Amino acid sequence: MYFRVTFVKLIMLQFSTIFSITECSNILKEPLRILGGNDANPDEYPYVVRIELKFWTISTNNTTVAENYHLCTGSALSSTWVLTAAHCLVSWLQSFKVKFVIRYGKGFDPQRTNHFFSDVLHTIKHPLYRNNENDIGLMQVTPMRIANYMKISAVDYLSILGHEADIAGFGVTTLNLPGVKIETNDTLVLRKPLQVLKVLIYKCPEHYFTNSYCLARRCGHRVTACGGDSGGPLIHTSGIAGILTLGEKTADCLDHVAKKSTNVAGIALPISWYIEWIYSHVSY
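Counted the way mature numbering (1 follows the signal peptide of the UniProt record, and there is no 0) counts, the sequence shown spans residues -24 to -1, 1 to 260.
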């Protein structure tokens, strides 16, 4: 048990773009709910999937136990390909008894089994991925049984500035418990479904990331996308227009360091520059 807890902490330290639940909560100084996120309807976004880590540990009675931990969010482009952020593809994990798995299916229902798993066969980071630039990656997986997939938006990156869009993720959210207690954790632990957030797209200032989308929160909502939403889609009417990268300079996490206010709810990498690269790998 000690090894498992220590190893999970090590992953989170190395995986620098996933911030701890405590950190996010302290930054916001109020119960965190990413951008006033709403629970998605079970059949609304079937192509948005969980990326999880599966660990095998030895229990006290000397039996092997498998446990899953939420890592990132992804989008199923076809039955065998998932699009996500490159920083989610933690290559050094292959040295341990850990593997990536994809969880998909309808929103979590504790009364019945309505989610499925797919094994990850191969991961591909963009060849120019460095320090949060070109933060895009692909996962080749065993066939998934998903009703429909979302197309990639082919519109020019600048043409949708000022447009409204949705971001979707399985990361940190809150659960109201009896009384006044509110628990903050990722959606897997809280048994919560996909969270969907409405945002406005605008171009990031240069001190964030070069040529990235900044996603504006609604006025008065002191909430943001946080750890575990990385890799999730920016959903525009034209298709998937971006990938949530979040990174070290994300939203209120940056504010916490800079001690200044911002309206940024998240940062997304535009897809339009990478369409040829995606299609060079993905077969439909």
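We treat Cβ as the ideally placed atom computed from N, Cα and C, and that holds for glycine. Computed from a predicted model, the values in this text were never measured in an experiment.
Residues that residue i bridges to, as DSSP identifies them
{"i": "residue 32", "result": "42"}
{"i": "residue 14", "result": "172"}
{"i": "residue 247", "result": "BP columns for residue 247 are empty, so no partner."}
{"i": "residue 95", "result": "77"}
{"i": "residue 140", "result": "176"}
{"i": "residue 133", "result": "Note: residue 133 sits in no beta bridge, so no partner."}
{"i": "residue 127", "result": "Answer is none; residue 127 lacks a bridge partner."}
{"i": "residue 192", "result": "176, 240"}
{"i": "residue 261", "result": "This structure does not reach residue 261, given that the chain is present from -24 up to 260, and the question cannot be answered."}
{"i": "residue 22", "result": "Paired residues: none, contrary to the question."}
{"i": "residue 48", "result": "27"}
{"i": "residue 145", "result": "171"}
{"i": "residue 59", "result": "51, 114"}
Whole-angstrom distance between residue j and residue i, CA atom to CA atom
{"i": "residue 138", "j": "residue 33", "result": "48 Å"}
{"i": "residue 246", "j": "residue 254", "result": "13 Å"}
{"i": "residue 118", "j": "residue 242", "result": "31 Å"}
{"i": "residue 123", "j": "residue 22", "result": "7 Å"}
{"i": "residue 93", "j": "residue 183", "result": "39 Å"}
{"i": "residue 112", "j": "residue 249", "result": "11 Å"}
{"i": "residue 179", "j": "residue 133", "result": "9 Å"}
{"i": "residue 129", "j": "residue 144", "result": "16 Å"}
{"i": "residue 53", "j": "residue 39", "result": "37 Å"}
{"i": "residue 269", "j": "residue 35", "result": "In this structure the chain extends from -24 to 260, so residue 269 is not present and cannot be described."}
{"i": "residue 107", "j": "residue 14", "result": "31 Å"}
{"i": "residue 141", "j": "residue 44", "result": "31 Å"}
{"i": "residue 252", "j": "residue 213", "result": "21 Å"}
{"i": "residue 136", "j": "residue 186", "result": "17 Å"}
{"i": "residue 57", "j": "residue 259", "result": "8 Å"}
{"i": "residue 192", "j": "residue 25", "result": "24 Å"}
{"i": "residue 67", "j": "residue 37", "result": "31 Å"}
{"i": "residue 205", "j": "residue 211", "result": "14 Å"}
{"i": "residue 218", "j": "residue 20", "result": "19 Å"}
{"i": "residue 176", "j": "residue 146", "result": "20 Å"}
Close Cβ partners of residue i (< 7 Å) along its chain, the five nearest in sequence each way excluded
{"i": "residue -3", "result": "Here the model assigns residue -3 a pLDDT of 33, short of 50, so the residue's position is not dependable and the matter cannot be decided."}
{"i": "residue 27", "result": "47, 48, 49, 50, 60, 64, 76, 78, 207"}
{"i": "residue 181", "result": "none"}
{"i": "residue 97", "result": "116, 117, 118"}
{"i": "residue 101", "result": "62, 65, 113"}
{"i": "residue 95", "result": "77, 117, 118"}
{"i": "residue 104", "result": "110"}
{"i": "residue 257", "result": "100, 114"}
heavy atom of the ligand MG below 8 Å from residue i C-beta
{"i": "residue 122", "result": "Ligands in the displayed structure: none, and consequently the ligand MG is not present."}
Sequence-distant residues of the same chain with beta carbon closer than 6 Å to residue i, five excluded per side
{"i": "residue 16", "result": "169, 170, 172"}
{"i": "residue 127", "result": "215"}
{"i": "residue 55", "result": "119, 120"}
{"i": "residue 221", "result": "61, 111, 243, 245"}
{"i": "residue 74", "result": "29, 31"}
{"i": "residue 131", "result": "214"}
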